[in-house]
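Quick notes on the structure that follows.
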Amino acid sequence: MAISKKIEAFMTRASWIRRMFEEGQRLRALHGPDAVCDFTLGNPLLEPPRAVQEALQRAVNHPEPGMHRYMPNAGYPECRRRVAEYVAAESKLPVQPEDVLMTTGAGAGLNVALRALCDPGDEVVVIAPFFPEYAFYLDNHGLTMKTAAAAANFDLDLAALEAALGPRTRALILNSPNNPTGRMYSAERLRELGELLSRAEAKHGAPITLLSDEPYRKLVYDGLRTPDIFAAYDNVVLVNSHSKDLGLAGERIGWAVVSPRHRDRPALREAMVFTNRTLGFVNAPALFQRVVSQALDASVDIAAYQDLRDRMCGVLRRAGLEFVVPQGAFYVFPRTPIPDDLTFVQMLVRHRVLAVPGSGFGRGGHMRVCFSVPSAEIERSAEGFCRAVEEAQRA
Ligand SMILES: Cc1ncc(COP(=O)(O)O)c(C=O)c1O
450 MAISKKIEAF MTRASWIRRM FEEGQRLRAL HGPDAVCDFT LGNPLLEPPR
500 AVQEALQRAV NHPEPGMHRY MPNAGYPECR RRVAEYVAAE SKLPVQPEDV
550 LMTTGAGAGL NVALRALCDP GDEVVVIAPF FPEYAFYLDN HGLTMKTAAA
600 AANFDLDLAA LEAALGPRTR ALILNSPNNP TGRMYSAERL RELGELLSRA
650 EAKHGAPITL LSDEPYRKLV YDGLRTPDIF AAYDNVVLVN SHSKDLGLAG
700 ERIGWAVVSP RHRDRPALRE AMVFTNRTLG FVNAPALFQR VVSQALDASV
750 DIAAYQDLRD RMCGVLRRAG LEFVVPQGAF YVFPRTPIPD DLTFVQMLVR
800 HRVLAVPGSG FGRGGHMRVC FSVPSAEIER SAEGFCRAVE EAQRA
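Read in my numbering, the sequence shown has 632 at position 183, and its numbers run on one by one without any break.
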C-alpha cells in the first residue's frame, strides 16, 4: 500500500462527516432530493454581499498588467494596508501593514502560525469540543495536542485550561464564536484567560501565543459583538477568514495579524511570511485579495442566519432536546437523549435527518447540527427529530 499508515488511520478516524454525506447521497437517490434533512456540512448558505460582486466586477473589467503574477509572499501591500487599518480601527492599536499576512483561508493561517511558533514535540492546547481539523494541523508540524474540556455550558473552564498548560506549551488555539458549540466568550472571560496565560508564561519561563481562530467573528446574534482579542493578552495572532462572513469558502481567502503587542512581533511576522511560502501556499489568491480588501466592512445578511438559528432551536426544543442557544457561528451542539451519540445519530438517519456525532469533536453525548441550510429543510426536519427522540426514549 502506497499510503502512509498514519494518514490511513487519520482518514478512518475523520470519516464521520464524509460517511454522513454519503448516507445523505444514498437516501436522496432512494427517496428524492427533498426527502433528507442534512445538517452535517458547515457550508455557508448565503451568497456573497453586493460589495464582493462589485469589487469582483471592477477587478475583471479593469485588468491591471501583472495582476496574475507572483507577488510578495505576504500579499499585496495595498491589501495588507487596508486590513491593518480595519483591525487598527477595531482594536485601537497601531496595527501596521507589516503585521498582516494574507492567507489561503483560516486553515492556512493556523498552519502558518503553528509552523512559525513551534518546534516538533511542543504542545498546543485546544478546548474540547473543538474543530476536528485542529488535530491534523498539529500533526502536520509534529506537535502534541493537549485538550482542556470546556464547561458544561461550553464557556471557558479556566481550571481545566490551567491544568493543560505546561512547560512545553507554545500556543493555545481559541475559537470564538465556536464551531461546534456556537459559544462566544465574553471580554471579561477573555481577560481572565489572558491573566492565566501570563501566569503560565511566568511559571514556565517560556512564551505562549494565543492563536485566535475567528472565521465566525461577524456571525454573532442578538446584538452581540465579538470582543477584541488583542485587549485580552499580549502574545496574540488573530486568524481570520472570509469563508463565512463574505460567503467565500471556495475562494480560499483570509488573513492573519500579529498583535502589535506581541513580544516577538518583528521576528514572528517574518517567520510567518516564510512559512506561508515554504508550506507551499506561496501567497493568498491574487484576485480575491483585491476583492476582499474592498469589502472588509461588508458581510452576508447576519439577520438571515439568526432567523435560521431561531428556527433550528425551535425544532430542537419541540423535539425535547437539551442545548445551549448559540450566540454565533452556524451550529448548535445539543446533548443526545442517550449517552451514545453514534447510536443516536443512526436513529436520526432512519428518520432521514443527518447530524454529526459529538465524539468527532472531542465531546461524546452530543451532536453537531449545522443550521446553514434552507429554512424549509429545517422545518421539514421537525418530525424526524421528534420521532428519533421518541425512539431513543423507548430504547
Ligand atoms: C473553527 C474553524 N476554523 C477554521 C476553519 C477553516 O476555515 P477556512 O475556510 O477559512 O480555511 C473552519 C471552517 O469551517 C472552522 O470552522
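Backbone N, C-alpha and C fix where the C-beta goes; we use that ideal spot for every residue, glycine too. All of these numbers come straight from a predicted model, not from anything done at the bench.
Taking only three categories from DSSP, how would you classify residue 771?
strand
Nearest CA to the CA of residue 601: which residue from 784, 829, 757, 668?
784
Using beta-carbon positions only, say whether residue 508 and residue 721 come within less than 8 Å of one another.
no
Starting from the C-beta of residue 547, find all residues in its chain whose C-beta is less than 7 Å away, skip the five residues before and the five after it, and write them out in chain order.
718
Let me know the secondary structure DSSP gives residue 688 once reduced to three states.
strand
Just reading off the beta strand (DSSP E) that residue 681 is part of, what are its end residues?
Counting along the chain, residue 681 falls outside any beta strand (DSSP E), and DSSP gives it neither H nor E.
Please list, in chain order, all residues of the same chain as residue 582 whose beta carbon is under 8 Å from its beta carbon, the five residues on each side excluded.
556
Closest by C-alpha distance to residue 575, when choosing among 694, 628, 479, 732
628
Whose C-alpha, out of 675, 652, 821, is nearest the C-alpha of residue 634?
675
Boundaries of the beta strand (DSSP E) in which residue 403 is found, first to last residue:
Because the chain in this structure spans residues 450 to 844, residue 403 falls outside the shown range and cannot be described.
Residue 662 Cβ short of 7 Å to ligand 1 heavy atom set:
yes
State whether the segment 738-750 contacts the segment 810-820, with contact taken as three or more CB pairs (one from each stretch) at a distance under 8 Å.
Result no; under three Cβ-Cβ pairs closer than 8 Å.
Any heavy atom of ligand 1 within a distance shorter than 7 Å of the CB on residue 744?
no
Under a three-way DSSP split, which group does residue 646 fall into?
helix
Buried or exposed: where does residue 776 fall if 16 or more other Cβ atoms within 10 Å of its Cβ makes it buried?
That one is buried.
Segments assigned alpha helix (DSSP H), at least 4 residues, entirely inside the segment 660-741:
714-727
Own chain residues within Cβ distance below 8 Å of residue 657, not counting five before or after:
614, 618, 619, 620, 621, 646, 649, 650, 684
Taking only the alpha-carbon atoms, compute the straight-line gap between residue 652 and residue 612 and give it to the nearest angstrom.
13 Å
Would you list the one or two residues that DSSP bridges to residue 575?
596, 622
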